[in-house]
Amino acid sequence: MALHYVIKYAATNVYENLVGEALWQFLIAPLNSGSQQIISSEFRNSLQIPIEKSINGYGFETFRIHPKKSFTSIDFEAEFHLIKDHINPFEKTIALSLDNELSQINSLNFIVEHSIYLKSTTLTKLPKRHEIDFLYSEQISIFENMKNLNSWIFDGFSFKTDVTDVDTDLDIILEEKQGVCQDFTHLFCAIARSHNIPARYVSGYLHQGNGYFGDSQMHAWAEVFIPACGWIGFDPTNNLIAAENHIKVAHGKDYSDCPPIKGIVYTSGANHTKYSVEVNAQQNAQQ
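Numbering (this note's numbering), first residue to last: 1 to 287.
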């Protein structure tokens, strides 16, 4: 069985004064790999500016648009159709002995190979003034520890919009005990890395038809590398292991590596931006 997803992304930018020039990069196209097979991908804008496709430093496709004529508003629309296979993440959890797991994650080869996702960043740095009461146990597997971490964040923090932004550090999150998916993902990555578990930030879409928490635009979750299992996704916002409801776009060390949109706009005065994302699924679709 598979799910046929239709994802619609829309953004409207309105400016008080004329924009002389602008450059945007969108990282919103679902990854075409593994359990995700892209059927069609379309991205357009109201000014009919040609779209350039490029690959970012992590190997993910981006859309670039560079309007060179003046305007006061621009609309962006994207539509993606894909097939997402049903996933049983527990099938990947090959059991190693606890001693073997510990030996591997502490080996020099493992640390060198995964060093990029073991280092803390500005957004994934655990502040010293906050004591983390999550208990990592070497008496259970890494997978079980990561499940417990998922639950610890879900139980201890409240999903609440408009209290953080993309630059909010973990000091604030730990103090306020609330935030959104990107905040909880940064916290998950920080704690996992502190125990020598490679963890990366994932940007994508979430099918919220089952009542899951998620942003109205893009969703975020973590992937950790477990010896003998590979990369497995954990969604602390919903206390889920990522499966067919999670549609991956990109990954990086933290949010700053994979924002959905970034750009430069040459104008003055106020501006207003509005985004929307629709994720619809149909069961038993045939590719």
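Ideal Cβ placement from N, Cα and C applies to all residues, glycine included.
Where Thr122 falls, given that 16 or more other Cβ within 10 Å makes a residue buried: Result: exposed.
Alpha-carbon spacing of Gly59 relative to Ser97, whole angstroms: Roughly 34 Å separates the two Cα atoms.
Beta-carbon proximity check, Leu187 vs Ile172, cutoff 8 Å: No, the pair does not count as a contact, with Cβ atoms beyond the cut-off.
Proximal residues to Ile142 (C-beta, below 7 Å), its chain only, five neighbours per side dropped: Closer than 7 Å at the Cβ level, and outside the excluded window around Ile142, lie Glu101, Ile197, Ile226.
Which listed residue (Phe90, Thr12, Ser54) has its alpha carbon closest to that of Phe234: With distances taken between Cα atoms, Phe234 lies closest to Phe90.
Where Glu167 falls: helix, strand or coil (DSSP): Here residue 167 is Asp; the residue named in the question, Glu, does not match the sequence. In the structure shown, Asp167 sits in coil (DSSP, three-state: anything other than H, G, I, E or B).
Given Pro250 as reference, the closest of Ala29, Met146, Gln25 once Cα atoms are compared: The sequence given here has Ala at residue 250, not Pro. The candidate whose alpha carbon is nearest that of Ala250 is Ala29.
Three-way DSSP call (helix, strand, coil) for Arg129 in this model: In the structure shown, Arg129 sits in coil (DSSP, three-state: anything other than H, G, I, E or B).
Cα-Cα separation between Asp75 and Gly263, rounded to whole angstroms: Approximately 15 Å, taken between the alpha carbons.
Close-in-space but distant-in-sequence residues of the same chain around Ser194 (CB under 7 Å, 5 per side omitted): Taken in chain order, the residues that qualify are Leu126.
Test: Leu126 CB closer than 8 Å to a CB of chain C: The displayed structure is made up of one protein chain only, and chain C is not part of it.
Backbone secondary structure at Asn150 - three-state DSSP: Reduced to three states, the DSSP call for Asn150 is helix.
Cβ-Cβ distance between Phe134 and Pro236 below 8 Å: Taking 8 Å as the Cβ cut-off, Phe134 and Pro236 do not qualify as a contacting pair.
Unbroken beta strand (DSSP E) run spanning Gln37, endpoints: 36 to 45 is the span of the beta strand (DSSP E), which, as asked, contains Gln37.
Residues of its chain near Asn17, where Cβ-Cβ distance is below 7 Å and the 5 sequence neighbours each way are ignored: Close CB contacts of Asn17 within its chain, under the 7 Å cut and outside five residues either way in sequence, are with Thr267, Ser268, Gly269 (chain order).
Of the residues Asp167, Cys189, Asp162, the one placed nearest Gln178, counting alpha carbons only: The candidate whose alpha carbon is nearest that of Gln178 is Asp162.
Burial state of Asp167, where buried means 16 or more other Cβ atoms lie within 10 Å: If you draw a 10 Å sphere on the C-beta of Asp167, you find fewer than 16 other C-beta atoms in it, and that means exposed.
Residue nearest to Gln36 in terms of C-alpha spacing, selected from Asn271, Gly204, Met218, Tyr275: Cα-wise, what sits closest to Gln36 is Gly204.
For Asn31, three-class secondary structure by DSSP: The sequence shown places Leu at residue 31, not Asn. Collapsing the DSSP output to three states places Leu31 in coil.
Short Cβ contact (8 Å threshold) for Lys248 with Tyr117: Going by C-beta atoms, Lys248 is not nearer than 8 Å to Tyr117.
The alpha helix (DSSP H) enclosing Glu113, as first and last residue numbers: Where Glu113 is concerned, the enclosing alpha helix (DSSP H) stretches over 108 to 113.
Host alpha helix (DSSP H) of Asn100 (start-end): Its alpha helix (DSSP H) spans residues 98 to 105.
Run of the alpha helix (DSSP H) containing Ile191, from where it starts to where it stops: Note, Ile191: alpha helix (DSSP H), 181 to 194.
Spatial distance of Gln282 from His246 (CA atoms): Taken atom to atom, the span from the alpha-carbon of Gln282 to that of His246 is near 15 Å.
Beta-carbon gap between His86 and Ala2 smaller than 8 Å: Cβ distance < 8 Å, so His86 and Ala2 count as in contact.
Terminal residues of the beta strand (DSSP E) in which His4 lies: For His4, the enclosing beta strand (DSSP E) has its first and last residue at 2 to 19.
Local conformation of Tyr275 per DSSP, three classes: The answer is strand: DSSP assigns Tyr275 an E or B state.
For Tyr117, the residue or residues it bridges with in DSSP: Paired residue(s): none; Tyr117 is not in a bridge.
Proximity to Thr12 [Cα-Cα], best of Asn280, Lys84, Ala199, Thr273: Answer by Cα proximity: Thr273.
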